[in-house]
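S.K.: Residue numbers (the UniProt record's numbering): 1 to 384. Glycine included, C-beta positions come from ideal geometry on N, C-alpha and C.
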Amino acid sequence: MNLTDAPPSLDRRTSDAHPALRHSQFVHVENVVKKFGESTAVQNVDLSVGKGELFALLGSSGCGKSTLLRMLAGFETPTAGRIWVDGTDVTALPPYRRPVNMMFQSYALFPHMTVAENVAFGLKWEHLSRVERRERVMATLELVQMTSFSGRKPSQLSGGQQQRVALARSLAKQPKLLLLDEPMSALDRQIRQKTQLELANIIEKVGVTCIMVTHDQEEAMTMADRLAVMSAGAIVQVGTPREVYQFPNCRFTAGFVGTTNIFTGFTVREEADHVFIQTGQLELLMYINHGITGPVGMSVAVSVRPERVHVSLHKPTQSANWSGAVVVDVAYMGAHSVYHLRLPTGMIMLANVPAASASDENSPECGDHVFASWNASDAVVLTS
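#1: Report all residues from its chain with a CB closer than 8 angstroms to the CB of E76; omit the five preceding and five following residues, and keep chain order.
#2: Look at the alpha carbon of T383 and the alpha carbon of P99, and state the distance between them as a whole number of angstroms.
#3: When the Cα atoms are used, what is the spatial distance from R22 to W84?
#4: Mind checking who I262 pairs with in its DSSP beta bridge?
#5: Output yes or no for whether 8 angstroms exceeds the beta carbon distance between P241 and A254.
#6: The alpha helix (DSSP H) that contains G160, what's its start and end?
#7: Sort M349, Y332, V311 by Cα distance to S373 and report the nearest one.
#8: Give me, in chain order, the residues of the same chain whose beta-carbon lies closer than 7 angstroms to that of E219; leave out the 5 immediate sequence neighbours on both sides.
#9: Nearest to Q217 by alpha carbon, out of A200, V244, V206?
#10: Return the chain-ordered list of same chain residues with a C-beta closer than 7 angstroms to the C-beta of S377, the five sequence neighbours on each side being excluded.
#11: Excluding sequence positions up to five away, which residues of its chain have a Cβ less than 6 angstroms from the Cβ of V90?
#12: Quick check: the Cα distance between V131 and N201, rounded to an integer number of angstroms?
#13: Could you check what DSSP says for M230 in three-state terms: helix, strand or coil?
#14: Report back the beta-carbon spacing between T257 and V381 to the nearest angstrom; my notes put them in contact at under 8 angstroms.
#15: Ignore the nearest five residues each way along the sequence and tell me which others in T140's own chain have a CB closer than 7 angstroms to its CB.
#16: Please determine, among F149, T147, G233, F110, the residue with the shortest C-alpha to C-alpha distance to P78.
#17: On the CB-based measure, 16 or more other CB atoms within 10 Å of its CB, does K65 come out buried or exposed?
#18: Whole-angstrom Cβ separation of R305 and V328, contact assumed at under 8 angstroms?
#19: Helix, strand or coil: how does DSSP classify D225 here?
#20: So what does DSSP say about R192, is it helix, strand or coil?
#21: What is the C-beta distance between V49 and V32, in whole angstroms, given that I count them as a contact (C-beta under 8 angstroms)?
#22: Would you tell me roughly how many angstroms separate the C-alpha atoms of R251 and M102, rounded to the nearest one?
#23: Measure the Cβ-Cβ separation of Q162 and L109 and say whether it is below 8 angstroms.
#24: Relative to the C-alpha of P354, which residue among I211, P344, S337, P364 is closest?
#25: Based on DSSP bridge pairs, tell me the residues matched to W322.
#26: What residue from E365, V236, M221, D181 has the CA that sits closest to M212's CA?
#27: Taking the alpha-carbon positions, what's the P364 to G334 distance?
#28: Would you call F247 buried or exposed, if buried means 16 or more other Cβ atoms sit within 10 Å of its Cβ?
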């Protein structure tokens with residue numbers, strides 16, 4: 001049953017393919033499970049990450065993303081399943097034998113060492129001469145624009161500067177795979193927004209394959225080439241930020257990545273290019289022009305993003321996909337205002353109104369009767 005016209009996922013799952021195909025992706029996780037006693041932290045995860053890709057594991061606390069990252073690093077051993085990095089099975093290898101380096105959430109810098117000494121620390125076991133180590137350290141510090149701070153201690157640096165040093169230390173060993181555990185969590189919001197693109201640009205410049213863990217959807221959407229949304233130890237969707245946002249495949253993804261309005265109901269009539277849906281949240285029928293195949297009466301859930309909802313004082317001319325409403329709250333967000341609209345059925349619908357429209361003297365205010373409408377192409381059917 002094809003429930004949406006979303007593009008196919010870019011996640012190439014190869015568990016049933018010839019073993020050689022496992023290595024077509026730089027990192028390949030195959031049917032990995034991790035249990036702690038009777039509790040399952042990661043369940044049957046299949047994932048492939050391409051060489052040079054910046055990939056994000058996105059999910060709320062306790063969803064299993066950090067456990068999966070620790071298994072990639074070698075700090076945890078899978079209960080079942082296999083992990084390959086650059087064609088090598090690393091499932092049973094200890095951390096020091098993997099071509100992997102991990103930047104921790106706390107940065108874990110040595111307070112008694114200078115910046116240069118912190119970056120050089122991991123190179124002592126690389127069989128490099130003192131001159132080679134110094135050249136590697138200074139080249140890495142130059143990459144993160146911290147050369148002039150090489151003689152300072154971590155306590156003399158800002159949070160953003162400490163993050164750069166931690167990144168330099170991770171990159172100095174020239175790992176094939178870089179793992180980032182909540183890389184921005186220690187930074188305040190203003191610095192975090194500025195640093196996201198800087199960090200992504202540095203990783204792209206080096207060309208290292210990178211997997212990062214974050215609970216911040218904005219961080220994942222800004223930095224990652226692709227991302228995986230995790231819930232309850234499982235991956236529920238994989239795709240580019242645009243694919244995941246525009247074509248969520250389930251209610252969890254639709255609600256976790258951004259905000260949305262979800263309507264539930266059943267199909268009542270199918271036409272050549274659209275389907276009519278009866279939903280308890282609307283007095284009128286809803287229709288969508290995405291491809292749905294299935295019997296009349298099939299249960300469906302539909303997502304409509306707030307920015308796709310048009311708010312007007314005038315009744316729409318279209319025959320469906322609209323409702324009368326009362327404005328119960330308006331939240332000013334700067335670039336836009338979020339309107340909370342109570343529909344006749346009692347549902348609260350969200351609508352994002354651009355700042356220019358919201359500041360108009362005729363713009364709706366709390367208590368006003370308005371009309372909310374959206375296009376059929378803006379409604380996305382969720383598969384679960």
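M.R.: Answer, in terms of the structure:
#1: K34, T67, R70
#2: 38 angstroms
#3: Because R22 sits at a pLDDT of 41, beneath the cut-off of 50, its placement in the model cannot be relied upon, and the following sentence gives the value as read from the coordinates. Rounded to the nearest angstrom, the two C-alpha atoms are 8 angstroms apart.
#4: BP columns for I262 point to S303.
#5: no
#6: 159 to 172
#7: V311
#8: The answer, listed in chain order, is M184, Q196.
#9: V244
#10: Around S377: N289.
#11: I83, R98
#12: Just so you know, the alpha carbons of V131 and N201 end up roughly 28 angstroms apart.
#13: strand
#14: Here the sequence assigns Val to residue 257, which means Thr is not the residue at that position. With a contact defined as Cβ atoms closer than 8 angstroms, V257 and V381 miss out at about 16 angstroms.
#15: V119, A168, L171, A172
#16: G233
#17: buried
#18: Not confirmed; about 20 angstroms, so no contact.
#19: coil
#20: Correct three-state label for R192: helix.
#21: Wrong, their Cβ atoms sit about 13 angstroms apart, outside the cutoff.
#22: 32 angstroms
#23: yes
#24: Closest option to P354, Cα to Cα, is S337.
#25: Partner residues in the beta bridge of W322, as assigned by DSSP, are S373.
#26: D181
#27: 17 angstroms
#28: Of the other Cβ atoms in all chains shown, 16 or more fall within 10 Å of the Cβ of F247; this residue is therefore buried.
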